[in-house]
Amino acid sequence: MDPIPAWVRRLWDVWDVRLLVLLSLALQIILSLLGNRRKYISSPWISILVWSAYLMADWVATVALGKLSDAQVDYDNGNALRAVWAPLLLLHLGGPDTITAYALEDTHLWMRHFFGLGVQFSVAVYVILMSWKHSWFSIMSIPALVAGFIKYGERTWVLLSVSRDKSGEIVPFGNVGRGSNLGNNTTSEDENSIHVLRIAHGCVKAFKKFTQFYDMENEFEWENDSTIGPNMDISLFWNAIEVEMGLMFDLLYTKAPINFSKGGWILRCITFSCTVAVLIGLIVQLISTGEAREKWLKVDIAITGVLLVGALALEVYAIISLYLFSDWAMLRLIKHNRAEQVIQFRKMKSWFFLPKQYRCKMVRQFDLLEFWLNIKPDEMVGRRILWSLLGITRWAEEYFKDMKYAHKSAVIDRTLLFDPILHCCRCLTSPDLHETRAVEEDPLWKEFFHEPLELQIIYLHIVTEICYNLEMDTHGASDQNNRDGAVSQQHAMPPSDSSSSWEENREQCRILSRYMMYLLVMRCSLLPVAVSGDLVSKRICYLARAIKDKQDVRAACQSLLESDEFGTGIMVSLVKSKEKDERWEMLKLMWVRMLCNAASKGQKNEQFRQLSQGGEFLTFLWFFLPQSEMVHSDMALPLLR
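In structure tokens:
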């Protein structure tokens, strides 16, 4: 018995090519709209949608081309209209401007795309020749073929350039200048936005070169650019690093290296003109020739129109989003001394596009104590049985763990972290600094610093949680602690006017503590750790045994402090012996130091990979640390004594 009814087979034989070309267009629309939003949106649903569309797009277009070349077409009945579909599918294989590679590894597949270009171009030419009619519209397939070849060639060239670039030569525009010609009505905010763009562009090429041998002890070689100078305001520089991360994403994962070059402008004009010419040719043929309307199937006419209008709409969207409102478009205007127009376009941009919220301002949280107190063995056994039956155990464990125990986010109060981060930068670049030696020789931390990083994170996380929860309990703030974890607040504490208060430092310490635990548990590839060791497993088992049968976090903290089975009781006692201001300032500095150390030892490919997932705060520090010498700070941190 045939499992597929005959009528289904007949229906598919009639509609297979039509459905495939429409599906290919739909995938191009998804990639165009969402392809570059990954750099500031970390939603798993967007990642899954873009990933699925990226994997399907080439396959669908290739299958559709194969179907067109293999179809037994009755050309006398006018089905030669489908010949225009072949070069339009070649256009789809070139992909949109917003995504050339989903992952960093895809940039090394340029050779495969080069051979694919030759094969698919030959198939498209074959389809055109086999369906050639001595009519004016058959000639219109030639400009469509030119546009498709250019688009596919652009993608291959960008992948080749990115994979071979070592010194930032793919960065467009060179020196953008100082951006003069600002009007009299320009506000300080407008001037700062121009300055941030210039700083980001000046940094991205130098940083691309620095990453070949990323080492904090190496000197960062700045480009000869008058836009970058010493004693830069740290707030502006912080914003510039965020923009620089976005520019780096564009260079690695989009067609930015060619779109904003002189050759890219010429190719854009050619492809746009070719697409418009084919669309006009179709309209003229339908209006002026009645024979065309009789021979061509109405459904094929409609599909051809949809493909051409869709291709033209995607071109217009790319021109508006990339050449008018992107950061690269603003840099081009600055380079040509049109900074005042940049301000006008940025104001218009807020009308058309949602503001970008970069991931590096948000940090996800993981509380080790809350994890063990909320886990239910019976519930987990049932889930594991179901996952095993469905064959999704590994994927479900990661997704469930991430969604249930790390779905909370907190906002980093960067004003409280400016000076500690700069202090740690000085320590990393000058290991013999007196402040560094004083910290490492402190009896409280001397043994602590000799532990592996993964154990340092766990120890200091427990110390921070004990100090925080027991201190909150002492001050009668137990209700606040019960609200599903106080650190998972959606808004950070406001900065103080003069110096950071101990309450603000306490909140930031807990945020950093849970963020480092999140990295250790969920994103361990970003840290220079080996979490598979038996040492970590033993410490976690000690923790689970110490807080067994405890009802809440405060009771668990009290049990850890009394039993000291986890080995943190002495550290907590020494920490709590200090005054509140000194205690939380010290813990904040310890967490910042640990975070900066982890960032400075991060792997280049892992950090670049995070750019396509919204970016982590750790990735931001990886960008910030080697370039921080341009920032001035008069801060003198207290030594840990």
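Start counting the sequence shown at 85; every next residue gets the next number (this note's numbering). Glycine residues also receive a C-beta, built at the ideal position from the N, C-alpha and C atoms. Please read all numbers here as calculations on a predicted model, not as lab measurements.
>> Counting C-beta neighbours from all protein chains within 10 Å, is the total for Gly330 16 or more, i.e. buried, or is it exposed?
In response: As a working note, residue 330 is residue 246 in the sequence shown. Burial call: buried.
>> Would Val547 and Ala494 qualify as a contact pair, given that the criterion is a beta-carbon distance under 8 Å?
In response: Along the sequence shown, read from residue 1 onward, the residue named residue 547 stands at position 463. Along the sequence shown, read from residue 1 onward, the residue named residue 494 stands at position 410. Judged by beta-carbon spacing, Ala494 lies beyond the 8 Å limit of Val547, meaning their Cβ atoms are not closer than that value.
>> In whole angstroms, give me the CA-to-CA distance for Arg416 and Val260.
In response: Counting from 1 along the sequence shown, the entry for residue 416 is found at position 332. Counting from 1 along the sequence shown, the entry for residue 260 is found at position 176. Whole-angstrom Cα-Cα distance: 7 Å.
>> Below 8 Å on the Cβ atoms is my contact criterion, and I expect Lys293 with Glu305 to pass it. Report the Cβ-Cβ distance as a whole number of Å.
In response: For the purposes of this step, residue 293 is taken as the residue at position 209 of the sequence shown. For the purposes of this step, residue 305 is taken as the residue at position 221 of the sequence shown. Sure, about 7 Å apart at Cβ, within 8 Å.
> Hey, Phe257 and His279 are a contact pair by Cβ (cut 8 Å); roughly how many whole angstroms apart?
Replying inline: Residue mapping note: residue 257 aligns to position 173 of the sequence shown, counting from 1. Residue mapping note: residue 279 aligns to position 195 of the sequence shown, counting from 1. In fact, because the Cβ distance is near 16 Å, the residues do not count as touching under 8 Å.
>> Suppose you measure from the CA of Gly46 to the CA of Tyr236; what does that come to, to the nearest Å?
In response: In the structure as shown, the chain begins at 85 and stops at 725. Residue 46 is therefore absent and cannot be evaluated.
> What first and last residue would you give for the alpha helix (DSSP H) that runs through Val715?
Replying inline: Within the sequence shown, the letter at position 631 stands for residue 715. According to the DSSP assignment, Val715 belongs to no alpha helix (DSSP H), since it is labelled neither H nor E.
> Can you name, in chain order, every residue of its own chain whose Cβ lies under 8 Å from the Cβ of Gln642, other than the five neighbours on each side?
Replying inline: Within the sequence shown, residue 642 is the residue found at index 558, counting from 1. Counting only Cβ-Cβ distances below 8 Å, and skipping sequence neighbours, we find Leu554.
>> Among Ile113, Val98 and Asn120, whose alpha-carbon lies nearest the alpha-carbon of Lys151?
In response: As a working mapping, residue 151 is identified with position 67 in the sequence shown. Shortest Cα-Cα distance from Lys151 to any of Ile113, Val98 and Asn120 involves Val98.
>> Could you compute how far the alpha carbon of Asp100 sits from the alpha carbon of Leu702?
In response: Residue mapping note: residue 100 aligns to position 16 of the sequence shown, counting from 1. Residue mapping note: residue 702 aligns to position 618 of the sequence shown, counting from 1. Computed Cα separation, rounded: 48 Å.
> Who are the Cβ neighbours of Leu396 in its own chain at under 7 Å, not counting the five residues just before and after it?
Replying inline: If you number the sequence shown from 1, residue 396 lands on position 312. Closer than 7 Å at the Cβ level, and outside the excluded window around Leu396, lie Thr359, Val360 and Leu363.
> For Thr184, which residues of its own chain have a beta-carbon under 7 Å away from its beta-carbon, when the five flanking residues on both sides are left out?
Replying inline: On the sequence shown, position 100 is the one that residue 184 refers to. These residues qualify, in order along the chain: Arg239, Val242, Leu243, Tyr337, Thr338 and Lys339.
> Tyr138: which of His176, Ala170 and Leu149 sits nearest, CA to CA?
Replying inline: Here residue 138 refers to the residue found at position 54 of the sequence shown. Among His176, Ala170 and Leu149, the Cα nearest to that of Tyr138 is on His176.
> With respect to the beta strand (DSSP E) encompassing Ser493, which residues constitute its N-terminal and C-terminal limits?
Replying inline: In the sequence shown, the residue the question calls residue 493 occupies position 409. Looking at the DSSP string, the run of the beta strand (DSSP E) that includes Ser493 is Ser493 to Val495.
>> Mapping the DSSP letters down to three states, classify Ile422 as helix, strand or coil.
In response: Position 338 of the sequence shown, counted from the first residue, corresponds to residue 422. According to the sequence as given, residue 422 is Arg; it is not Ile. For Arg422, the three-state secondary structure derived from DSSP is coil.
>> Checking 8 Å against the spacing of the C-beta atoms, do Gly119 and Pro180 come in under that value?
In response: Taking the first residue of the sequence shown as 1, we reach residue 119 at position 35. Taking the first residue of the sequence shown as 1, we reach residue 180 at position 96. Result yes, Cβ atoms of Gly119 and Pro180 sit closer than 8 Å.
>> Applying the 10 Å Cβ sphere with the 16-neighbour rule, what's the burial state of Val681?
In response: Here residue 681 refers to the residue found at position 597 of the sequence shown. Sequence inspection shows Asn at residue 681; the Val mentioned does not correspond to that position. With 16 or more other Cβ atoms within 10 Å, it is buried.
> Which word fits His534, buried or exposed, when buried means at least 16 other C-beta atoms lie within 10 angstroms of its C-beta?
Replying inline: Counting from 1 along the sequence shown, the entry for residue 534 is found at position 450. Classification for His534: exposed.
> Hey, Phe321 and Val676: beta-carbon distance below 8 Å or not?
Replying inline: In the sequence shown, residue 321 corresponds to position 237, counting from 1. In the sequence shown, residue 676 corresponds to position 592, counting from 1. Their beta carbons are not under 8 Å apart, which means Phe321 does not touch Val676 by this criterion.
> For Arg448, which of helix, strand or coil comes out of DSSP?
Replying inline: Within the sequence shown, residue 448 is the residue found at index 364, counting from 1. Shown here, Arg448 sits in a strand according to DSSP, grouped into three states.
> Taking the alpha carbon of Glu669 as the point to measure from, which residue in Val637, Glu587 and Ile631 has its own alpha carbon closest?
Replying inline: The residue you call residue 669 lines up with position 585 of the sequence shown. Closest option to Glu669, Cα to Cα, is Glu587.
> What did DSSP end up calling Gln564 once you bin it into helix, strand or coil?
Replying inline: Here the question's residue 564 lines up with position 480 in the sequence shown. Residue confidence for Gln564 is low, a pLDDT of 44 falling below 50, so the modelled location carries little weight; the figure read from the coordinates is stated next. If DSSP states are grouped into helix, strand and coil, Gln564 belongs with the helices.
> Val656 to Ala640, Cα distance in whole Å?
Replying inline: Against the sequence shown, residue 656 aligns to sequence position 572. Against the sequence shown, residue 640 aligns to sequence position 556. Going from the Cα of Val656 to the Cα of Ala640 covers about 14 Å.
>> Buried or exposed, going by whether 16 or more other CB atoms sit within 10 Å of the CB of Arg498?
In response: Numbered from its first residue, the sequence shown carries residue 498 at position 414. Buried, by the Cβ-count rule.
> Taking Glu713 as the reference, which of Ile505, Val168, Lys662 and Met224 has the closest Cα?
Replying inline: As a first step, residue 713 is located in the sequence shown; it is residue number 629 there, counting from the start. For Glu713, the closest C-alpha among the options Ile505, Val168, Lys662 and Met224 is that of Ile505.
> Ala228 lies in the alpha helix (DSSP H); which residues open and close that run?
Replying inline: As a position in the sequence shown, residue 228 is number 144, starting the count at 1. In the DSSP assignment, Ala228 falls within the unbroken alpha helix (DSSP H) covering Ser225 to Arg248.
> Where does Pro128 sit, in a helix, a strand or coil, going by DSSP?
Replying inline: For the purposes of this step, residue 128 is taken as the residue at position 44 of the sequence shown. Shown here, Pro128 sits in a helix according to DSSP, grouped into three states.
>> With a threshold of 8 Å on Cβ separation, who are the neighbours of Ser116 within its own chain once the five nearest residues in sequence on each side are excluded?
In response: What you label residue 116 is simply residue 32 of the sequence shown in a count that begins at 1. Residues of the same chain with a CB within less than 8 Å of the CB of Ser116, apart from the 5 flanking positions on each side, are Pro180, Asp181, Thr182, Leu398, Tyr401 and Ala402 in chain order.
> Which residue spans inside the stretch 353 to 408 form an unbroken alpha helix (DSSP H) run of at least 4?
Replying inline: Taken in chain order, the complete alpha helix (DSSP H) segments of 4 residues or longer contained in the stretch 353 to 408 are 374 to 379 and 382 to 407.
> Does the beta-carbon distance from Ser696 to Lys123 come in below 8 Å?
Replying inline: Residue numbering aside, residue 696 sits at position 612 when the sequence shown is read from its first letter. Residue numbering aside, residue 123 sits at position 39 when the sequence shown is read from its first letter. Cβ atoms of Ser696 and Lys123: closer than 8 Å.
> Which residues in the same chain as Ser609 place their Cβ atom closer than 7 Å to its Cβ, once the five residues preceding and following it in sequence are excluded?
Replying inline: Start at 1 with the first residue of the sequence shown, and residue 609 comes out as number 525. Only Glu690 meet the Cβ criterion.
> Is Ile254 closer than 8 Å to Ser245 when the C-beta atoms are compared?
Replying inline: In the sequence shown, the residue the question calls residue 245 occupies position 161. In the sequence shown, the residue the question calls residue 254 occupies position 170. Yes, the pair counts as a contact, with Cβ atoms nearer than the cut-off.
>> What residue range does the alpha helix (DSSP H) around Val637 cover?
In response: The residue labelled residue 637 in the question sits at position 553 within the sequence shown. From DSSP, the alpha helix (DSSP H) with Val637 extends over Val637 to Ser647.
> Quick one: Cα of Phe204 to Cα of Gln687, how far?
Replying inline: Residue numbering aside, residue 204 sits at position 120 when the sequence shown is read from its first letter. Residue numbering aside, residue 687 sits at position 603 when the sequence shown is read from its first letter. What sits at residue 204 in the sequence shown is Gln, not Phe. When rounded, the distance between both Cα atoms is 37 Å.
> Count the other CB atoms within 10 Å of the CB of Asp451; is the residue buried (16 or more) or exposed (fewer)?
Replying inline: Along the sequence shown, one-based indexing puts residue 451 at 367. It counts as buried.
> How close, in whole Å, do the beta carbons of Leu391 and Asn343 come, if the pair is a contact with beta carbons under 8 Å?
Replying inline: If you number the sequence shown from 1, residue 391 lands on position 307. If you number the sequence shown from 1, residue 343 lands on position 259. Cβ-Cβ separation between Leu391 and Asn343: approximately 23 Å, too far for a contact (criterion under 8 Å).
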